[in-house]
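Residue numbers (the working numbering): 5 to 251. Each residue gets a CB set at the ideal place from its N, CA and C atoms; glycine is no exception. Just so you know, these numbers come straight off a predicted model, no measurement behind them. Input: a single structure, listed below in structure tokens.
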């Protein structure tokens, strides 16, 4: 019996210099696309992170007052592993982020501040792969990021941002969604995969609360599995998939 042909994913466009990744929690990017980010920073591109929360509700055994600062430290260390030095937090409440104008305004402000050509976010749909339910935080931040990419360029939406010195930025050319069930493009993860594993391992406290498995075994197995599965649609090279929304 003939094996079915697997449709191949084209490479993500690479004619850009600045990217901004906007996600809900510490570790979202490490589970999603750190291998791609490592490859981009290696190539001299600028990547900055903006997180809606500090992940303070993410560890059951830690009070939020202790958990938030700890997860912030882990996130900054994690970002540094893949060449990202700029990490900002919007201080929305973990677990109960609300989609709406306030969230859109904060993300639009970040886009105006960093002036990226590429914006990265995480799966904004209700499910992962049609079966596992997504969290409200991921849905809210992903959707608001897609909207804010347009808001950032319109001076009549959130005019208070202009009054604060944040001029409109209409230079976003794409929004790339990691973890999508309907990917359209991919990035070679070969060079960045080892650093992606080390980047996820910086979230050691979170991982140790999540699983009894050895943290390195857990991180390596998970990320390698994701990359190899995507690689089936990218010339059998380890890859990170994105759903690309041109603007």
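Quick check: what's the CA-CA separation for residue i versus residue j?
i: residue 98; j: residue 241; result: 36 Å
i: residue 244; j: residue 222; result: 18 Å
i: residue 238; j: residue 12; result: 6 Å
i: residue 47; j: residue 73; result: 31 Å
i: residue 194; j: residue 39; result: 8 Å
i: residue 33; j: residue 181; result: 11 Å
i: residue 138; j: residue 174; result: 30 Å
i: residue 211; j: residue 167; result: 42 Å
i: residue 35; j: residue 109; result: 26 Å
i: residue 14; j: residue 236; result: 12 Å
i: residue 18; j: residue 186; result: 20 Å
i: residue 132; j: residue 217; result: 23 Å
i: residue 96; j: residue 134; result: 27 Å
i: residue 146; j: residue 172; result: 21 Å
Look at the Cβ atom of residue i, then the Cβ atom of residue j, and state whether they are nearer than 7 Å.
i: residue 121; j: residue 44; result: no
i: residue 103; j: residue 148; result: yes
i: residue 153; j: residue 251; result: yes
i: residue 49; j: residue 75; result: no
i: residue 112; j: residue 156; result: yes
i: residue 199; j: residue 42; result: yes
i: residue 179; j: residue 93; result: no
i: residue 203; j: residue 247; result: no
i: residue 27; j: residue 66; result: no
i: residue 141; j: residue 101; result: yes
By Cβ distance, which residues of its chain are closer than 8 Å to residue i, with the 5 residues on each side in sequence left out?
i: residue 117; result: 170
If I'm right that residue i touches residue j with Cβ under 8 Å, what's the distance once you round it to whole angstroms?
i: residue 143; j: residue 130; result: 7 Å
i: residue 51; j: residue 88; result: 5 Å
i: residue 227; j: residue 201; result: 6 Å
i: residue 124; j: residue 61; result: Not confirmed; about 23 Å, so no contact.
Report all residues from its chain with a CB closer than 7 Å to the CB of residue i; omit the five preceding and five following residues, and keep chain order.
i: residue 206; result: 78, 81, 82, 85
i: residue 232; result: 242
i: residue 234; result: 190, 243, 244, 245
i: residue 162; result: 109, 112, 155
i: residue 215; result: 222
Take residue i and list the residues in its own chain whose beta-carbon comes closer than 6 Å to its own, dropping the five residues that flank it on each side.
i: residue 176; result: 123, 153, 251
i: residue 5; result: Here residue 5 scores only 49 on pLDDT, less than 50, and its place in the model should not be relied on; the value that follows carries that caveat. Counting only Cβ-Cβ distances below 6 Å, and skipping sequence neighbours, we find nothing.
Hey, is residue i close to the ligand MN, as in C-beta under 6 Å from one of its heavy atoms?
i: residue 43; result: For the structure depicted, the ligand MN is absent and the ligand set is empty, with no information on it obtainable.
Q. Counting only runs that start and end within the segment 49-115, where is the alpha helix (DSSP H) found for 4 or more residues in a row?
A. 68-85
Q: Give, in chain order, every unbroken run of the alpha helix (DSSP H) that is at least 4 residues long and sits entirely within the segment 159-202.
A: 163-167
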